[in-house]
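Take 19 as the starting number for the sequence shown in my numbering and just add one per residue. Before any comments, here is the structure.
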Amino acid sequence: MVNLAEIGAKLTAGRQSGQELSPTARAAIVGAVAAGASQSAVARAFRVDRTAVYRILQRFESSTTVESKPRTGRPEVLTRREKRYILQLAKRYPRLTTQILINTIDGRISRSTIHRIV
Numbered sequence: 019m020v021n022l023a024e025i026g027a028k029l030t031a032g033r034q035s036g037q038e039l040s041p042t043a044r045a046a047i048v049g050a051v052a053a054g055a056s057q058s059a060v061a062r063a064f065r066v067d068r069t070a071v072y073r074i075l076q077r078f079e080s081s082t083t084v085e086s087k088p089r090t091g092r093p094e095v096l097t098r099r100e101k102r103y104i105l106q107l108a109k110r111y112p113r114l115t116t117q118i119l120i121n122t123i124d125g126r127i128s129r130s131t132i133h134r135i136v
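Shown next as structure tokens:
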């Protein structure tokens, strides 16, 4: 028989406090409770608060999924590739002005965006 604490430890290894649980870990939590384990025992095994287990179960019952909902907010202006390119240019040519960096990406970004990247 597989130990619940071992499963919980493997699925949450390297997870920091406050960091979101993986969909695999959330599915294992749902499965453990469905198999008859108490919410408190599951919370201890997965090293999460009992309310986290409760919320995972509530979300699963209402939407039959353990996936996270998409984050709200404005979409990113630049792709990861464009950000990496700007950073490479800034490192290779440290005297480039912000305006020149803006113009390399067709002028569709602001100064503050460049400053955040660099």
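Here a beta-carbon is modelled for each residue, glycine too, at the ideal position from N, C-alpha and C.
Residue i (DSSP reduced to helix, strand or coil)
{"i": "Y138", "result": "Because the chain in this structure spans residues 19 to 136, residue 138 falls outside the shown range and cannot be described."}
{"i": "T131", "result": "helix"}
{"i": "G125", "result": "coil"}
{"i": "T30", "result": "coil"}
9 Å Cβ cutoff met for residue i and residue j
{"i": "T122", "j": "L107", "result": "yes"}
{"i": "V51", "j": "V71", "result": "yes"}
{"i": "F78", "j": "G26", "result": "no"}
{"i": "I135", "j": "L75", "result": "no"}
{"i": "I118", "j": "S128", "result": "no"}
{"i": "H133", "j": "T116", "result": "yes"}
{"i": "L29", "j": "A55", "result": "no"}
Residue i burial status per 10 Å Cβ neighbour count (16 or more: buried)
{"i": "T69", "result": "exposed"}
{"i": "T131", "result": "buried"}
{"i": "A61", "result": "buried"}
{"i": "A46", "result": "buried"}
Inset, instruction - Only counting runs of 4 or more residues, tell me where the alpha helix (DSSP H) segments fall wholly within the segment 64-113, in order along the chain. - result: Annotation: the segment 64-113 contains the following complete segments of the alpha helix (DSSP H) (minimum length 4 residues), in chain order: 68-81, 98-110.
Inset, instruction - Could you pull out every unbroken alpha helix (DSSP H) segment of at least 4 residues lying fully inside the segment 32-66, listed in chain order? - result: 41-52, 57-64
Legend entry - Contact the segment 27-43 vs the segment 83-101: 3+ CB pairs below 8 Å: yes
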